[in-house]
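Take a look at the structure set out below.
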Amino acid sequence: MFLKKLFFSLSKPRETLVVSFLEVPGNLYFYLLSILLSFFATISLSSESIQTIPSLDGIVSLDSSKEHKWEITLESIDPVSFSHSYLEGKKDFDKIPFLPYTPPGVYKLPNESLQNVTIVKKFIAPKEWKAAAIAVRLGMITDKDKAYLNGVLIGETGDMNSVLPQAYDKIRIYSIPNELIRKGKPNILVIRVKKFFRYEVGIEQDRTAIGDASLVQKELLRAEYIKIFLLMIYLTVGGYFLFLYVRRRTDKENLYYGLFTLLLVVYQFCRNQVKYDLRIEFIYMKKAEYIILTILVPIFANFIRAYFKFSRNILLNVLDVSYVFFTLFYFVSNNVIHYNLLNKHVVQYGWILYVGMVLYYLIQRMIQKDRDALFILGGVLITVFAVVLDTLGARNIIVFPRILGYAFLFFILSIATILANKFVRLNEEVEELNESLEKKVEQRTEELKLSLEQVNRLKVQQDADYFLTSLLINPLSSNRNTSDIIKTEFYTKQKKSFEFKNKTYEIGGDILISGNVELRGKKYVVFVNGDAMGKSIQGAGGALVMGTVFNTILTRSGIPTQKDKKPEKWLEEAFLELQKIFESFDGSMYISIVLGLVEEDTGLLYYINAEHPWTVLYRDGVASYIEEELTLRKIGIPENEQHLVIKNFQMLPGDTIVIGSDGRDDLLIGNEEDRIINEDQNQFLKRVEEGYGDLREVYDRILKFGGLVDDLTLLKITYHPGKNGTSAPADSFRSRSYEDALKRGTSFLQNNRVREGLDLLEQALELNPKGETVLKILGRYYLKVKDYAKSVGYWETLLSENPESAECLYHISLCYKMLKFYQKAAETGEKAYSADPLYIRNLINLADIYKIMNIQDRAITYVKKALVLDPRNAKAIQVKNSLETEI
73 MFLKKLFFSL
83 SKPRETLVVS
93 FLEVPGNLYF
103 YLLSILLSFF
113 ATISLSSESI
123 QTIPSLDGIV
133 SLDSSKEHKW
143 EITLESIDPV
153 SFSHSYLEGK
163 KDFDKIPFLP
173 YTPPGVYKLP
183 NESLQNVTIV
193 KKFIAPKEWK
203 AAAIAVRLGM
213 ITDKDKAYLN
223 GVLIGETGDM
233 NSVLPQAYDK
243 IRIYSIPNEL
253 IRKGKPNILV
263 IRVKKFFRYE
273 VGIEQDRTAI
283 GDASLVQKEL
293 LRAEYIKIFL
303 LMIYLTVGGY
313 FLFLYVRRRT
323 DKENLYYGLF
333 TLLLVVYQFC
343 RNQVKYDLRI
353 EFIYMKKAEY
363 IILTILVPIF
373 ANFIRAYFKF
383 SRNILLNVLD
393 VSYVFFTLFY
403 FVSNNVIHYN
413 LLNKHVVQYG
423 WILYVGMVLY
433 YLIQRMIQKD
443 RDALFILGGV
453 LITVFAVVLD
463 TLGARNIIVF
473 PRILGYAFLF
483 FILSIATILA
493 NKFVRLNEEV
503 EELNESLEKK
513 VEQRTEELKL
523 SLEQVNRLKV
533 QQDADYFLTS
543 LLINPLSSNR
553 NTSDIIKTEF
563 YTKQKKSFEF
573 KNKTYEIGGD
583 ILISGNVELR
593 GKKYVVFVNG
603 DAMGKSIQGA
613 GGALVMGTVF
623 NTILTRSGIP
633 TQKDKKPEKW
643 LEEAFLELQK
653 IFESFDGSMY
663 ISIVLGLVEE
673 DTGLLYYINA
683 EHPWTVLYRD
693 GVASYIEEEL
703 TLRKIGIPEN
713 EQHLVIKNFQ
723 MLPGDTIVIG
733 SDGRDDLLIG
743 NEEDRIINED
753 QNQFLKRVEE
763 GYGDLREVYD
773 RILKFGGLVD
783 DLTLLKITYH
793 PGKNGTSAPA
803 DSFRSRSYED
813 ALKRGTSFLQ
823 NNRVREGLDL
833 LEQALELNPK
843 GETVLKILGR
853 YYLKVKDYAK
863 SVGYWETLLS
873 ENPESAECLY
883 HISLCYKMLK
893 FYQKAAETGE
903 KAYSADPLYI
913 RNLINLADIY
923 KIMNIQDRAI
933 TYVKKALVLD
943 PRNAKAIQVK
953 NSLETEI
């Protein structure tokens, strides 16, 4: 009966409660009083833990205080059912152990196995508000979360099932529908949080608040955009210093400071909330953040060192190399836990050493009374203080906003003060110079006058030496060819000109010589075009030696005992004699040459090219090179004779050969200030075509294309059989119809009239089935258009006439390789190698074949031989790299 009355009394309004208690028996007053006191104490205690929100039209902090707190539990609960239980007044949620929690700040978990926690905040909402929308700010939650208000999901961040970090530095702002908030009544905010770091969970940084959604959003964006504005200032400063470094590369401090500032901008942007609008994957933003954080301090220390001109030391070298390895680790790893451990336990402790070195540099300069050091020290101390605070915040030792972005402004101001001081000092120095400028000008003028007189005296002596040298060279460089069939023409323009006794002369290292020899009863025109190493007098010395030796060889060739030699033997002996003479100078004098003989009866050209620009054939208005590769180095280079190859080329009636020194290619193009040198060797072919093979016209066209920067000599050789009133033997020339078909077919083919050109060449082949020239043209054409089956037929026909031709064997091997007959390709390539071990294209082809056949040792052997002949050959290097990759 008593319990019924008690329950009935408690269910009545408060004002009738006292009357009800008067009806209770007297001996139970004490017991009832105890129960009532406990009941009101419970009501009072629970009401103290609930924060009352006065208004939602502004922004109200939800951070813990003495009157109200957040709560946290490690138990796994359902946020929805838990919220409904609380709002419905059910007592089952009282069984869940909640602990007080004070955000912002991490909660330390008792053991590593715990993954999830639940954070609860209770508040009483006002009865009315004017704001159109409400939002809650929950700070930076580590790491993934789902937030519920009154049992309804209002927002979530991150994938709860992911093992990767999601957004542990993102400030959460979740919108709350107005109808979800219980006006004037208790509300419950439940946040389900999943950790990422081993023992840390919770609302790590920033603050918690609730209020008008627009105000909450504006407050966040205002702070973030102020930081962005400062970053734009820093970006401008960094770009300015990098521009200074580009203009003056010796000032390395500008490079370090510019890089430091730009990297700091990127780092601060990675800490800004705006970065999430870019939708970049979180792991990559963290990777960039840790990489930049690792290299910022070393760059800053090197900036101070470079600015005050301190040399590097062992400690700095060791530290820099160590931090490079740390940076590489961040590049290859995607584990943020490892990032954090390395940063906390290694990288940040290394900063102490860097800061110590910076302070050492600054104190040293301050002792020397350098005011710049004092200004920088102030900026450095403020920056270091900000870094310490940010580091403590990152370690969750303290809760403090990131201030490095603001503090760096003071460092920039210190640098600006230094620049201003420099500018003032510069002005003062200029004023001092202006005061004594007139006196210094007079003094310098007198000194220059004396120097000029001395230079003039020396120049007169030098010009006399030049004149005597030119007197020696001129008779040696001469066109003494008397043949009516093989004509030779010279054009010379030496870069160095001088005056002596009011006359202008030229001197240089280029030389041209031609003459006639008779070998085994046949007449030959001999020629040489040389380009000695060095400029002016040095080059002229090489040309003088070349002219003397070669004219001696020509004179000696008139002796009867010297006339019984093959043309190849004559060229070989001439080359070896020149090689021996120039090799005796022990590297102080080299010369590049084209040395050759042309047989008058047949127009067959025998020649040697020792690192000289390639020989040009001008035929039917089209210029092309008759060479495709380099086989010899300059004369005078030791062991050069081992690579001697005597080449030949069949000239046709009307053909013109043009040879020139490298002054024809090394031309200054564009503005002279830019010093752009032409590197396109095919430009000379265009000049020959534009000048129609006339040397003077070719020279004029060269000058229109670019300016000379080197000596230039041009040699023209033309073949006109029958001009001396004789006719060539019947077996020495093609029939006229064959020649016409060959010329016209070649011309059509070069002008992309392919069908007509091929028809004419086939006609020429019918007239002369063994015509070497037409067979080569057709073989090369079908190889070019990748019709390897046709191409190999022409090359095999050529091979039947000349079984030892390395060129034919190489092309046959190449066609078989492209047709995937690798064994046959290798056998044919080996025959080409036996015929000519120095044929570099065949060496590269053989290496490629054996690479395809997976015979690595043979492939490596041949590619090494090719690189010995031409270390810069792109195809050989490509095959070598491919082999190394496969191995």
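Sequential numbering of the sequence shown, starting at 73, is according to this note's numbering. Cβ atoms here follow ideal geometry from the backbone N, Cα and C, with glycine treated the same way.
Buried or exposed for residue i, please, with buried defined as at least 16 other CB atoms from any protein chain shown within 10 angstroms of its CB.
i    : result
N712 : buried
Y426 : buried
V600 : buried
H684 : buried
V235 : exposed
D349 : exposed
L613 : According to the sequence provided, residue 613 is Gly. The question's Leu does not apply to it. G613 comes out buried.
Q566 : buried
Q123 : buried
L387 : exposed
E361 : buried
A946 : exposed
I439 : exposed
L939 : buried
Quick one: what's got a C-beta closer than 8 Å to residue i's C-beta in the same chain, skipping five residues either side?
i    : result
T229 : I213, K216, D217, Q238, A239, K242, R244
L368 : F332, L335, L336, Y339
G843 : R806, Y810, L814, A836, L837
T114 : Confidence is the limiting factor: at T114 the pLDDT is only 37, short of 50, which leaves the residue's position unreliable, though a coordinate-based value still follows. Cβ neighbours of T114 beyond the five flanking positions: none.
D129 : W201, K202, A203, G283, D284
F398 : T366, L414, V418, V419
A907 : E876, S877, A878, L881
L117 : Bear in mind that a pLDDT of 35 at L117, under 50, signals an unreliable position, so the number given afterwards is only what the model happens to contain. For L117, where only same-chain residues beyond five positions count, there are no Cβ hits under 8 Å.
With a CB to CB cut of under 6 Å and the five nearest residues on each side skipped, what residues in its chain are close to residue i?
i    : result
Q753 : D737
T564 : T785
E296 : N344, Q345, V346
V598 : G587, V589, L669
L171 : I144
S863 : G851, Y854, L855, C887
For residue i, which residues from the same chain have a beta carbon less than 7 Å from its beta carbon, with the 5 sequence-adjacent residues on both sides left out?
i    : result
R319 : none
I718 : E640, L643, E644, Y678, I680
T957 : none
I932 : L955
S155 : Y220, N222, G223, I260, V262
A904 : A878, L881, Y882, S885, Y911, N914
V309 : T333, I484
V456 : V427
L287 : G130, I131
Closest Cβ-Cβ distance between residue i and chain C: below 7 Å?
i    : result
L331 : Of the protein chains in the structure, only one exists, and it is not chain C.
Quick one: what's residue i bridged to in DSSP?
i    : result
A219 : G227, I263
D284 : I206
Y356 : Its beta-bridge partners do not exist; DSSP assigns none.
P172 : E143
V688 : Y697, V730
R244 : G211
S153 : In the DSSP output, where bridge partners are listed per residue, S153 has none listed.
Mind listing, in chain order, the continuous alpha helix (DSSP H) runs of no fewer than 4 residues lying wholly within the segment 708 to 784? 755 to 762, 767 to 777
Going along the chain, which unbroken runs of the beta strand (DSSP E) with 3 or more residues stay wholly within the segment 540 to 598? 558 to 565, 568 to 572, 575 to 579, 582 to 591
Go through the segment 370 to 424 residue by residue and report every complete run of the alpha helix (DSSP H) that reaches 4 residues or more, in order. 386 to 404, 408 to 414
Contained alpha helix (DSSP H) runs [length at least 4] in the segment 180 to 214, N- to C-terminal order: none
Would you say the segment 614 to 634 touches the segment 686 to 693, given that touching needs at least three Cβ pairs under 8 Å? no
Hey, which unbroken runs of the alpha helix (DSSP H) at 4 residues or more fall wholly within the segment 647 to 686? none
Runs of alpha helix (DSSP H) lying entirely within the segment 854 to 880, each at least 4 residues, in chain order: 860 to 873
What are the complete alpha helix (DSSP H) segments, minimum 4 residues, inside the segment 294 to 344? 324 to 342
Could you tell me whether the segment 699 to 712 touches the segment 762 to 770, using the rule of 3 or more Cβ pairs below 8 Å? no
Counting pairs of Cβ atoms below 8 Å between the segment 264 to 274 and the segment 181 to 199, do you hit three or more? yes
Fully enclosed by the segment 436 to 461, which alpha helix (DSSP H) runs are 4 residues long or longer? none
Would you call the segment 659 to 676 and the segment 719 to 735 touching, i.e. three or more CB-CB distances under 8 Å? yes
Are three or more beta carbon pairs between the segment 512 to 529 and the segment 542 to 551 nearer than 8 Å? no
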